[in-house]
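Remarks on the structure that follows.
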Amino acid sequence: MVERKEYLERLIQWKDEQVIKVVTGIRRCGKSTLLLQYQTWLKANGIPNEQIISINFEELEYEELLDYQKLYAYLKDHLTVGKKTYIFLDEIQKVPSFEKVVDSLYVKPDVDIYITGSNAYMLSGDLATLLTGRYVEIKMLPLSFKEFLEITGIDEERGLAEYLRDGGLPYIAVMDRTSEKVETYLEGIYNTVIVKDIEDRQSRKETDPSKRKITDITLLKTIAKYLSNVAGNPVSIRSITNYLTSNGRKISPNTVGDYVEALTESFIFYPAERFDVVGKQLLKANRKLYIVDLGLRNHILPRRQYDLGFSLENLVYFELLRRGCRVMIGKVGNTEVDFVAEKKGAYTYFQVTADMTAKETFHREMAPLINIRDNYEKIVLTKERFTIGNYNGIQVKYLPDWLLGKDD
188 MVERKEYLER
198 LIQWKDEQVI
208 KVVTGIRRCG
218 KSTLLLQYQT
228 WLKANGIPNE
238 QIISINFEEL
248 EYEELLDYQK
258 LYAYLKDHLT
268 VGKKTYIFLD
278 EIQKVPSFEK
288 VVDSLYVKPD
298 VDIYITGSNA
308 YMLSGDLATL
318 LTGRYVEIKM
328 LPLSFKEFLE
338 ITGIDEERGL
348 AEYLRDGGLP
358 YIAVMDRTSE
368 KVETYLEGIY
378 NTVIVKDIED
388 RQSRKETDPS
398 KRKITDITLL
408 KTIAKYLSNV
418 AGNPVSIRSI
428 TNYLTSNGRK
438 ISPNTVGDYV
448 EALTESFIFY
458 PAERFDVVGK
468 QLLKANRKLY
478 IVDLGLRNHI
488 LPRRQYDLGF
498 SLENLVYFEL
508 LRRGCRVMIG
518 KVGNTEVDFV
528 AEKKGAYTYF
538 QVTADMTAKE
548 TFHREMAPLI
558 NIRDNYEKIV
568 LTKERFTIGN
578 YNGIQVKYLP
588 DWLLGKDD
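Below you can see the structure in the form of structure tokens.
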């Protein structure tokens, strides 16, 4: 098992707190393994087996418990009277009306609840209404570059190349990474997310007649391929609709919106809204979408060309999310800053580029940061070492060092 130390520490910090711990993230990013590792930690710290109830709803032996009333009866019968009971419900979104079970357990004394899910829809609708203020969400992502190097044990330069190519899903890091094996594994993950997680989403939406069902998997994959191709570029529902229409597929913007929503709710794509740096407010038009794993992007797209600049930008976006930032695209007049990272009310501005040694590239990357008049930190991340330094308060840093926390 690949240990996710930072996520494990977060669960330990929330132990016995009167909130439901909800771990979300794309399938196979390590949620189930995290719960098992946390249970091992509990046992090592004095919690006996009888005080731990663990159910993975992807296992056939628990199929009967997909009925929420039977699930509740089972859990109630297995509570340890007079002692804390730790309940782990893995892939809970498979249980229709599971929020009723969780809510009823929450109000009982001596119960500590941990749940996981592979679809963001589980945290909307009835669950959000019932459990407002009662849960904390731990958003799990594939391996960071630092974790990838620690697990594989390979050197930094080779590691970055393989990380950009194969991605950071935990099993990828420990497997024999031949191109054929990686491709086969990623194909299985992608098809599972597209089909199984969308099906789970459908079962949740059956009680909401205002939501359209996702029935055309071919269309869903076509939109996913288009978004993978334009990831890191401004995109709108209208632009996606126009693309599909120009390729002979007549479809309404509302339908396209539903399919894009399904892809973001399944944690394949993550949105970054545009942000007016001067006015410090979000803009409505043309957000960007980033793909959760570069290995998946390389699987989805035909290998006609390789865009190193985008891959690095995508990598930085998710690293900023891992570091607890809200990440937006900065608008400065007629120019754009790759990322505005907000944390605890403070902003940091980032530009990302593979190489800044050419004079015109240097000035292009610097210009938006120079135009920002506030005193927040401004950073350019680059994959070459020649331009590293401080330019009138704008820091140019070596990207691998920043990823590994060695830049301070």
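Going letter by letter, the sequence shown gives residues 188 to 595 in this note's numbering. Where a beta carbon is used, it is the ideal one built from N, C-alpha and C, also for glycine.
Legend entry - Same chain, Cβ closer than 8 Å to LEU508, neighbours up to 5 away in sequence not counted: Hits under 8 Å: LYS326, LEU328, TYR457, VAL514.
Inset, instruction - Give the range of the alpha helix (DSSP H) segment to which SER366 is assigned. - result: In the DSSP assignment, SER366 falls within the unbroken alpha helix (DSSP H) covering 366 to 379.
Legend entry - Proximal residues to ASN558 (C-beta, below 7 Å), its chain only, five neighbours per side dropped: VAL519, GLY520, THR522
Inset, instruction - Could you tell me the boundaries of the beta strand (DSSP E) in which LEU630 lies? - result: Because the chain here runs from 188 to 595, residue 630 falls outside it and cannot be looked at.
Inset, instruction - Put SER433 into one of helix, strand or coil per three-state DSSP. - result: Helix at SER433.
Legend entry - Local Cβ density within 10 Å of ARG490, reported as buried at 16 or more and exposed below that: exposed
Legend entry - Close-in-space but distant-in-sequence residues of the same chain around THR544 (CB under 7 Å, 5 per side omitted): GLU571, PHE573, THR574
Legend entry - Minimum C-alpha distance to GLY517 - residue among ASN473, ALA231, PHE275, SER498: ASN473
Legend entry - Cβ contact check for the segment 261 to 276 and the segment 296 to 306: 3 or more pairs under 8 Å: Yes, since at least three Cβ pairs between the segment 261 to 276 and the segment 296 to 306 fall closer than 8 Å, the two stretches touch.
Legend entry - Limits of the unbroken beta strand (DSSP E) element including ASP515: Residue 515 is actually Met in this sequence, not Asp. In the DSSP annotation of this structure, the continuous segment of the beta strand (DSSP E) that includes MET515 starts and ends at 513 to 519.
Legend entry - DSSP-derived helix/strand/coil call for ALA541: Correct three-state label for ALA541: coil.
Legend entry - Reference LEU407; option with closest CA among TYR372, ARG364, SER453, THR569: SER453
Legend entry - Close beta carbons around ASP594, own chain, < 8 Å, minus the five adjacent residues each side: LYS584, TYR585, ASP588
Legend entry - Coil, strand or helix - PHE497 by DSSP: helix
Inset, instruction - Can you give me the start and stop residues for the beta strand (DSSP E) that GLY304 sits inside? - result: 298 to 304
Inset, instruction - Please report the Cβ distance between TYR259 and ILE234, rounded to the nearest whole angstrom; I am assuming they are in contact, meaning their Cβ atoms lie under 8 Å. - result: TYR259 to ILE234, Cβ: 23 Å. No contact.
Inset, instruction - May I have the straight-line CA-CA distance separating LEU221 from LEU229, to the nearest angstrom? - result: 12 Å
Legend entry - Chain-order list of residues whose beta-carbon lies under 6 Å from that of PHE332 (same chain, five-residue window excluded): TYR350, LEU590
Legend entry - The alpha helix (DSSP H) enclosing PRO357, as first and last residue numbers: 357 to 361
Legend entry - Among LYS531, THR548, THR409, ARG191, the one whose alpha carbon lies nearest that of TYR358: If we check each option's Cα against that of TYR358, ARG191 comes out closest.
Inset, instruction - Taking only heavy atoms of the ligand COA into account, decide whether any of them is closer than 6 Å to the Cβ of LYS263. - result: The ligand COA is absent from the structure shown, which contains no ligand whatsoever.
Legend entry - Coil, strand or helix - VAL443 by DSSP: helix
Inset, instruction - Could you tell me which of TYR255, ALA307, SER305 sits nearest to VAL288, measuring between CA atoms? - result: The option with the nearest alpha carbon to VAL288 is TYR255.
Inset, instruction - Could you pull the start and end residues of the beta strand (DSSP E) that PHE275 belongs to? - result: 272 to 277
Inset, instruction - Could you say which of ASN562, LYS530, THR569 lies nearest to PHE549 if we only look at CA atoms? - result: Nearest C-alpha to PHE549: THR569.
Legend entry - Straight-line gap, LYS400 to TYR446 (C-alpha atoms, nearest Å): 9 Å
Legend entry - One or two residues paired with SER241 in a DSSP bridge: The partner list for SER241 (beta bridge, DSSP) reads PHE275.
Legend entry - CA-to-CA distance, LEU476 to ARG461, given in whole angstroms: 11 Å
Legend entry - Cβ distance (whole Å) where TYR322 is taken to contact ILE240 below 8 Å: Not really, about 18 Å apart at Cβ, beyond 8 Å.
Inset, instruction - May I ask you to list the residues that DSSP assigns as paired with ILE325? - result: VAL210.
Inset, instruction - Just mark TYR534 as buried or exposed, buried being the case when its beta carbon has 16 or more other beta carbons within 10 Å. - result: buried
Inset, instruction - Leaving aside the five residues before and after TYR171 along the sequence, list all residues of the same chain whose C-beta is less than 7 Å from its C-beta, in chain order. - result: Only positions 188 to 595 of the chain appear in this structure, which leaves residue 171 out of reach.
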